[in-house]
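Residues 1 to 114, numbered by our numbering, are exactly what the sequence shown covers, in order.
For every residue, glycine included, the Cβ atom is placed at its ideal position computed from N, Cα and C.
Remember, it's a predicted structure, so these values are computed and weren't measured experimentally.
The structure under discussion appears below in the form of structure tokens.
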Amino acid sequence: MLQSWCQEAGPGVHFTAKKMKRTEPTKLDETNPWWKAFKSQCDNLGMTLQPVICPAAGDCRYLRLIGIPTLGFAPMCNTEVRMHDHNEYLNRNVFLRGIDIYCHLISAVANLNI
Numbered sequence: 001m002l003q004s005w006c007q008e009a010g011p012g013v014h015f016t017a018k019k020m021k022r023t024e025p026t027k028l029d030e031t032n033p034w035w036k037a038f039k040s041q042c043d044n045l046g047m048t049l050q051p052v053i054c055p056a057a058g059d060c061r062y063l064r065l066i067g068i069p070t071l072g073f074a075p076m077c078n079t080e081v082r083m084h085d086h087n088e089y090l091n092r093n094v095f096l097r098g099i100d101i102y103c104h105l106i107s108a109v110a111n112l113n114i
């Protein structure tokens, strides 16, 4: 399909497929101090987490490629997941609550003694 689009576009139009290296997912257990602090703070805020693996949806993959463990997070309680979709939106109250949540989480992980 891509090749036919390139041919239709005319001479000199081509594409190169780039395969990314496989990276290990970030450990979500007691061995990861960042996860422990993050999860503990979420528990303190009464939040239920639903860990998922988004292999190609976020920029975290670039950090994992250079060996930096990552946690992708979006505090969008009771909101339909529409990331990278048409008409992406957040309710005002969800947005404002998200700021408060981020303040707590950043403080928790930034003050780790490791």
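Inset, instruction - For the segment 89-97 and the segment 47-62, state whether three or more C-beta atom pairs, one from each stretch, are separated by less than 8 Å. - result: no
Legend entry - Start and end residues, alpha helix (DSSP H) containing Leu63: Locating residue 63 in the sequence shown gives position 63, counting from the first residue. Counting along the chain, the alpha helix (DSSP H) containing Leu63 begins and ends at Cys60 to Leu65.
Inset, instruction - Decide if Leu105 is buried, meaning its Cβ has at least 16 other Cβ atoms within 10 Å, or exposed. - result: Counting from one through the sequence shown, the residue named residue 105 turns up at place 105. Its Cβ being crowded by 16 or more others within 10 Å, Leu105 is buried.
Legend entry - Ordered list of beta strand (DSSP E) runs contained in the segment 31-58, each at least 3 residues: none
Legend entry - CA nearest to the CA of Pro69, picked from Gly10, Leu28, Glu8 and Asn111: To locate residue 69, count along the sequence shown from 1; it is residue 69. Comparing Cα positions, the closest option is Leu28.
Legend entry - Same chain only: Cβ atoms within 7 Å of Val13, ignoring 5 sequence neighbours per side: Working through the sequence shown from its first residue, we reach residue 13 at position 13. Hits under 7 Å: Cys6.
Legend entry - Start and end residues, alpha helix (DSSP H) containing Tyr102: For this step, residue 102 is matched to residue 102 along the sequence shown. Looking at the DSSP string, the run of the alpha helix (DSSP H) that includes Tyr102 is Arg92 to Ala110.
Legend entry - Pair within 8 Å by beta-carbon distance, Val109 and Ala37: Start at 1 with the first residue of the sequence shown, and residue 109 comes out as number 109. Start at 1 with the first residue of the sequence shown, and residue 37 comes out as number 37. Yes. Within cutoff.
Inset, instruction - Buried or exposed for Thr26, please, with buried defined as at least 16 other CB atoms from any protein chain shown within 10 angstroms of its CB. - result: In the sequence shown, the residue the question calls residue 26 occupies position 26. By the 10 Å Cβ count, Thr26 comes out buried.
Inset, instruction - Just the C-alpha distance for Asp100 and Gly67, rounded to the nearest angstrom, thanks. - result: The count along the sequence shown starts at 1 and reaches residue 100 at position 100. The count along the sequence shown starts at 1 and reaches residue 67 at position 67. Taking the straight line from one Cα to the other gives about 29 Å.
Legend entry - Contacting residues, own chain, Cβ-Cβ under 6 Å from Asn78 (five flanking each side not counted): Here the question's residue 78 lines up with position 78 in the sequence shown. Once the five neighbours on either side are set aside, Asn78 has no close Cβ partner at all.
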